[in-house]
Amino acid sequence: MPQALLRAENLLFEYDDLLLFEDLNFSARPGEVIYVEGPNGSGKTTLLKILCGLIDPVEGQVYWQDQRINSAASHYRENLLYLGHHAGIKSSLTARENLKWLLSLRGVRGRVEIEHALALSGLAGFEDIPCGYLSAGQKRRVSLARMFISNEKVWILDEPFTAIDKGGVATLESAINQHAEQGGVVFITTHQQMNLTVPTEHLVLG
Amino acid sequence: MIGRELLIAARYPAEILNPLVFFLMVVALFPLGISPEPEFLSLIAGPVIWIAALLALMLSLDSLFKNDFDDGSLEQLLISPSPIAMMVLVKVITHWFTTVFPIILLAPVLALMLHLPAEGYGALFLTLLLGTPTISLIGGIGAALTVGLHRGGVLLSLIVLPLFIPILVFSASAIEAANMGMLYNPQLAILAAMLLLALLAAPFATAFALKISINN
Numbered sequence: 001m002p003q004a005l006l007r008a009e010n011l012l013f014e015y016d017d018l019l020l021f022e023d024l025n026f027s028a029r030p031g032e033v034i035y036v037e038g039p040n041g042s043g044k045t046t047l048l049k050i051l052c053g054l055i056d057p058v059e060g061q062v063y064w065q066d067q068r069i070n071s072a073a074s075h076y077r078e079n080l081l082y083l084g085h086h087a088g089i090k091s092s093l094t095a096r097e098n099l100k101w102l103l104s105l106r107g108v109r110g111r112v113e114i115e116h117a118l119a120l121s122g123l124a125g126f127e128d129i130p131c132g133y134l135s136a137g138q139k140r141r142v143s144l145a146r147m148f149i150s151n152e153k154v155w156i157l158d159e160p161f162t163a164i165d166k167g168g169v170a171t172l173e174s175a176i177n178q179h180a181e182q183g184g185v186v187f188i189t190t191h192q193q194m195n196l197t198v199p200t201e202h203l204v205l206g
Numbered sequence: 207m208i209g210r211e212l213l214i215a216a217r218y219p220a221e222i223l224n225p226l227v228f229f230l231m232v233v234a235l236f237p238l239g240i241s242p243e244p245e246f247l248s249l250i251a252g253p254v255i256w257i258a259a260l261l262a263l264m265l266s267l268d269s270l271f272k273n274d275f276d277d278g279s280l281e282q283l284l285i286s287p288s289p290i291a292m293m294v295l296v297k298v299i300t301h302w303f304t305t306v307f308p309i310i311l312l313a314p315v316l317a318l319m320l321h322l323p324a325e326g327y328g329a330l331f332l333t334l335l336l337g338t339p340t341i342s343l344i345g346g347i348g349a350a351l352t353v354g355l356h357r358g359g360v361l362l363s364l365i366v367l368p369l370f371i372p373i374l375v376f377s378a379s380a381i382e383a384a385n386m387g388m389l390y391n392p393q394l395a396i397l398a399a400m401l402l403l404a405l406l407a408a409p410f411a412t413a414f415a416l417k418i419s420i421n422n
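So the sequences go chain by chain: A and B. Read in order, the letters of the first sequence are residues 1 to 206 in the working numbering. Read in order, the letters of the second sequence are residues 207 to 422 in the working numbering.
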């Protein structure tokens, strides 16, 4: 059994007095896709943000390769791709400029890769249009294009398929499959049925 | 990072122009509201320009992290492996350069309107140049703390305005000394010392404040 990349121990989170989840234990081994499921308001987004280290759990710890994510922060962040509901797409910048910035945050500069990723996510021909003029689905595709230039091991995807059409969903599914086959880990929340060829786990909240 | 900030600023020229026009309006109100007498205006010219610049700067600080907070850029920034304090510093410096620097360039024109004595121009320019970056840096901490609040603007002013009193006092005293033909090096040295301290400490405090804001 390969070592777990990401592991959570006894996670507990509450808002004021509202308990979202407690005693949550799970681990993600290379090649695993984990669905985070639950009704609206059950804490899916909160859990994903806790896994990113953006929110601290009230109790419990998240471990990256057996080190707490806060103590291994910079190594963990190099291996973390998080696409939330809003993934840092500026409407005044073009798709290319947005992607360039998202990559430069990680010290990556690749003109060719950016063109390639934009084409893969179905934005060929829209590279130089400010994202404010793009449709909701196209905007989403700009942030999802990050998946096609990723060297991060852990993908945390919060409702990635919102506003994406069928063809787009199929492309993303194959990207997720490929990522898992190469030994990556994917955490995903979605209300959509997915067709994945790799092993999946279900984490049910609420 | 710098390129992106400048690009965003260039695509929203109103963000640069609004504080500038606000600055112009506030200064123009004084001769209208108090007295157009040159002798009187020359006395208050320095402080009036300083206070107007301070208010214009406060007005623009509110949006320093707001857009990044709303569109998720801030989350991406916080989970990126790059040092956050460094990114914060870059953001504050580009913000200062795009919104405050034009105000400093406009200040001598308004000083002319308010009959500032010729000896005071150098002091006005230098104090603005040394004082406003400190204000941006300290204000950035407040902006980071209030970024998650819906109407954080007023709270932000209440938190940080008192901290700017020393800067205002030393700047006004430098301009007054210059008007009377005296040396104002000590005041400048103190302003420079405050700037250096803010440069060292503020980015870290701001980065920490951003983490707190995102955490809630």
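Glycine included, every Cβ here is placed at the ideal spot set by N, Cα and C.
8 Å Cβ cutoff met for residue i and residue j
| i | j | result |
| --- | --- | --- |
| residue 54 of chain A | residue 285 of chain B | yes |
| residue 98 of chain A | residue 131 of chain A | yes |
| residue 226 of chain B | residue 308 of chain B | yes |
| residue 121 of chain A | residue 87 of chain A | no |
| residue 33 of chain A | residue 198 of chain A | yes |
| residue 343 of chain B | residue 404 of chain B | yes |
| residue 320 of chain B | residue 259 of chain B | no |
| residue 397 of chain B | residue 300 of chain B | no |
| residue 205 of chain A | residue 186 of chain A | no |
| residue 154 of chain B | residue 263 of chain B | Only positions 207 to 422 of chain B appear in the structure, and residue 154 of chain B is not among them; the question remains open. |
| residue 354 of chain B | residue 410 of chain B | no |
| residue 333 of chain B | residue 377 of chain B | yes |
| residue 175 of chain A | residue 142 of chain A | no |
Within chain A, partners of residue i - CB distance below 9 Å
| i | result |
| --- | --- |
| residue 207 of chain B | 101, 104 and 105 |
| residue 391 of chain B | Chain A residues near residue 391 of chain B: none, gap ~42 Å exceeds 9 Å. |
| residue 420 of chain B | 49, 54 and 55 |
| residue 463 of chain B | Here chain B covers residues 207 to 422 and nothing more, so residue 463 of chain B does not appear. |
Reduced DSSP secondary structure (H/G/I, E/B, other) of residue i
| i | result |
| --- | --- |
| residue 133 of chain A | helix |
| residue 202 of chain A | strand |
| residue 65 of chain A | coil |
| residue 207 of chain A | This structure gives no information on residue 207 of chain A, because the portion of chain A shown stretches from 1 to 206. |
| residue 82 of chain A | strand |
| residue 17 of chain A | coil |
| residue 165 of chain A | coil |
| residue 385 of chain B | helix |
| residue 390 of chain B | coil |
| residue 370 of chain B | helix |
| residue 156 of chain A | strand |
| residue 150 of chain A | coil |
| residue 58 of chain A | coil |
| residue 306 of chain B | helix |
| residue 11 of chain A | strand |
| residue 277 of chain B | coil |
| residue 94 of chain A | strand |
| residue 218 of chain B | coil |
| residue 27 of chain A | strand |
Assigned exposure category for residue i - 16 Cβ within 10 Å defines buried
| i | result |
| --- | --- |
| residue 195 of chain A | exposed |
| residue 112 of chain A | exposed |
| residue 357 of chain B | exposed |
| residue 79 of chain A | buried |
| residue 241 of chain B | exposed |
| residue 2 of chain A | exposed |
| residue 82 of chain A | buried |
| residue 160 of chain A | buried |
| residue 238 of chain B | exposed |
| residue 136 of chain A | exposed |
| residue 266 of chain B | buried |
| residue 192 of chain A | exposed |
| residue 281 of chain B | buried |
| residue 415 of chain B | buried |
| residue 162 of chain A | exposed |
| residue 48 of chain A | buried |
| residue 219 of chain B | exposed |
| residue 216 of chain B | exposed |
| residue 418 of chain B | exposed |
| residue 278 of chain B | buried |
| residue 368 of chain B | exposed |
| residue 420 of chain B | buried |
| residue 393 of chain B | buried |
| residue 387 of chain B | exposed |
| residue 166 of chain A | exposed |
| residue 233 of chain B | buried |
Residues that residue i contacts on chain A, provided the C-beta gap is smaller than 8 Å
| i | result |
| --- | --- |
| residue 354 of chain B | None at all; the shortest Cβ gap to chain A is about 12 Å. |
| residue 217 of chain B | 92, 93 and 130 |
Contacts of residue i in chain A (Cβ-Cβ under 7 Å)
| i | result |
| --- | --- |
| residue 287 of chain B | 74, 77, 78 and 106 |
| residue 213 of chain B | 93 and 97 |
Interface residues of chain B facing residue i [CB-CB closer than 9 Å]
| i | result |
| --- | --- |
| residue 88 of chain A | 274, 277, 278, 279, 280, 281, 282 and 283 |
| residue 82 of chain A | 281, 282 and 285 |
Interface residues of chain B facing residue i [CB-CB closer than 7 Å]
| i | result |
| --- | --- |
| residue 35 of chain A | Chain B residues near residue 35 of chain A: none, gap ~22 Å exceeds 7 Å. |
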